[in-house]
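Count the sequence shown with UniProt numbering and you get residues 1 to 368, in order.
Notes for the one structure printed next.
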Amino acid sequence: MDLHPTVSIVGAGPAGFALAADLQSRGTSVLLYSHPTRRRHADHVESNGHLRASGILEGSTELRVTSDMAEIVAFSLVIILTVPSTGQETVLQELKKFDLRKYAIIAIPGNLFSLIADMEVGCVFETNLSPYSCRMEQGGLTVMGKKELIFIAALQRDLDPAVYETIESIFPTELKWCSSIIEVCLSNVNGVFHPLMMLMNAGRIESTAGDFLLYRDGLTPAVANAMVAIDRVRIAIGEAFGLSLKSSVDISNECYGQSFTDFVDLAQNSPPHNRLMAPSDIQNRNISEDVPDLLVPWCCLAEKLEIDASPIKAVIMLAEMTTGVNYMETGRNLQRLHLENVSREELIERFSPVLGKLVNSTLSTSRL
Ligand SMILES: NC(=O)C1=CN([C@@H]2O[C@H](COP(=O)(O)OP(=O)(O)OC[C@H]3O[C@@H](n4cnc5c(N)ncnc54)[C@H](O)[C@@H]3O)[C@@H](O)[C@H]2O)C=CC1
Ligand SMILES: O=C(CO)COP(=O)(O)O
């Protein structure tokens, strides 16, 4: 089935608009969805009559935005989610009203979306990161960087090779196919960078309303030391699954085609990172997404695998004490991921690259 040249994008924020503009410039026709209660950026773009982009992507693009999911489903068999993972459940409630057995859903980023998406979908893919480093203000998009490649995996393991080719032809970046969604989730380096940069700079964020460069000024050697401790646990979880994960710096290097030696080098010198301002308060996706939907599943997986998760647990606890939110309860814990009754051995077998079998899930494996 020829899926080109249409793609539906669910999530009308910086990452969704950047993807939409990039795809449209490459000849793919795009329809964007904004949840009716989350239309801030969509309303600005609509009232301007077009999207203005600057930085790596330049120019003015006319884009159609809807808040009607029926239009999105009618528009394309490929639906790309660009909401933060904290918004995935909300858009799933809308998507569940439709028969999506012939559709491909790609969650950017996934953060184990496949394990919470309790519905039948043709195929589900997850990426580790968004292809762009970008921000939006008043309908204007600034794109600081575009990755050369992003990591991706499908929940299903028996997809026809043509499906992978179709997904590759849609994406504006190279794709690195990973062995499982667990490998992809462990490759979302935002879980290593974001919560610690926010928590270790909380005073500065609140006293300046974020008037400093989050990476360049906020990722100093002491912050980097704490990140290295989180990274060790992340890599140990990967080892238990038989994966040789790279360090977060090297994953970022691989995505952006860079060669920074450590966290501080990257924060100081990487153009997609070193111009990003800090958020104006602590209640930002750097905490509200990356603690519950990355650190919590990493911590729970580590504990299930009998790995010392105390560095990750410490960051989760600090985030909980700082915000008053019980992220271990609200986040993607084993219960929410439907993994609480899975033994250590079954978990490894299900997601290991060598031993893995076809995943027994509620999702069907029909072709695109
Ligand atoms: N912007 C960037 O430079 C990067 C973004 N990412 C990831 O890409 C994803 C999207 O990023 P952004 O567009 O910057 O995120 P964002 O936080 O600006 O949200 C994007 C849009 O999603 C929708 N949304 C948010 N919460 C929702 C909810 N609860 N229910 C329904 N809709 C909701 C809104 O329309 C919002 O404008 C995030 O997961 C982020 O971590 C990853 C790397 C870089
Ligand atoms: O490029 C980046 C991560 O992929 C940096 O962007 P954020 O810090 O906005 O997520």
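In this text, a Cβ means the ideal position worked out from N, Cα and C, and glycines have one as well.
Kindly identify the DSSP beta-bridge partner or partners of residue i.
i: Thr323; result: DSSP output for Thr323 lists no bridge partner at all.
i: Glu174; result: Leu149
i: Ser34; result: Beta-bridge pairing links Ser34 to no other residue.
i: Thr61; result: Leu51
i: Ser29; result: Thr6
i: Val78; result: Ala104
i: Thr66; result: Tyr33
By the DSSP assignment, the beta strand (DSSP E) with residue i in it spans what residues?
i: Phe193; result: Segment Asn190 to Leu199 is the alpha helix (DSSP H) holding Phe193; no beta strand (DSSP E) there.
i: Asn157; result: According to the sequence as given, residue 157 is Arg; it is not Asn. No beta strand (DSSP E) holds Arg157; DSSP gives it neither H nor E.
i: Glu137; result: Tyr132 to Glu137
Got a sec, what are the start and stop residues for the alpha helix (DSSP H) residue i sits in?
i: residue 386; result: Since the displayed the chain opens at 1 and closes at 368, residue 386 lies outside it and no answer follows.
i: Ile72; result: Met69 to Phe75
i: Ser47; result: Arg40 to Asn48
Say the cut is 7 Å; is the CB of residue i nearer than that to a heavy atom of ligand 1?
i: Cys299; result: no
i: Pro84; result: yes
i: Cys134; result: yes
i: Leu129; result: yes
i: Glu289; result: yes
i: Ala53; result: no
i: His50; result: no
i: Arg64; result: no
i: Ile150; result: no
i: Pro109; result: yes
i: Pro14; result: yes
i: Val91; result: yes
i: Gly11; result: yes
i: His41; result: yes
i: Arg350; result: no
i: Arg38; result: yes
i: Gly257; result: no
i: Ser248; result: no
i: Gly87; result: yes
i: Ser34; result: yes
Kindly examine ligand 2 and report whether one of its heavy atoms sits closer than 7 Å to the Cβ of residue i.
i: Asn269; result: no
i: Pro272; result: yes
i: Gly145; result: yes
i: Asn284; result: no
i: Asn190; result: yes
i: Leu276; result: yes
How about residue i: is its Cβ closer than 7 Å to a heavy atom in ligand 3?
i: Gly16; result: For the structure depicted, ligand 3 is absent and the ligand set comprises only ligand 1 and ligand 2.
Next item on the list: Tell me the start and end of each unbroken alpha helix (DSSP H) in the UniProt domain "Opine dehydrogenase" (177-321) that is at least 4 residues and wholly inside, in chain order.
Entry: 181-186, 190-199, 202-208, 214-218, 221-240, 248-256, 263-269, 285-288 and 296-304
Next item on the list: Entirely within the segment 80-145 and at least 3 residues each: give me those beta strand (DSSP E) ranges in chain order.
Entry: The qualifying runs are 100-107, 121-127 and 132-137.
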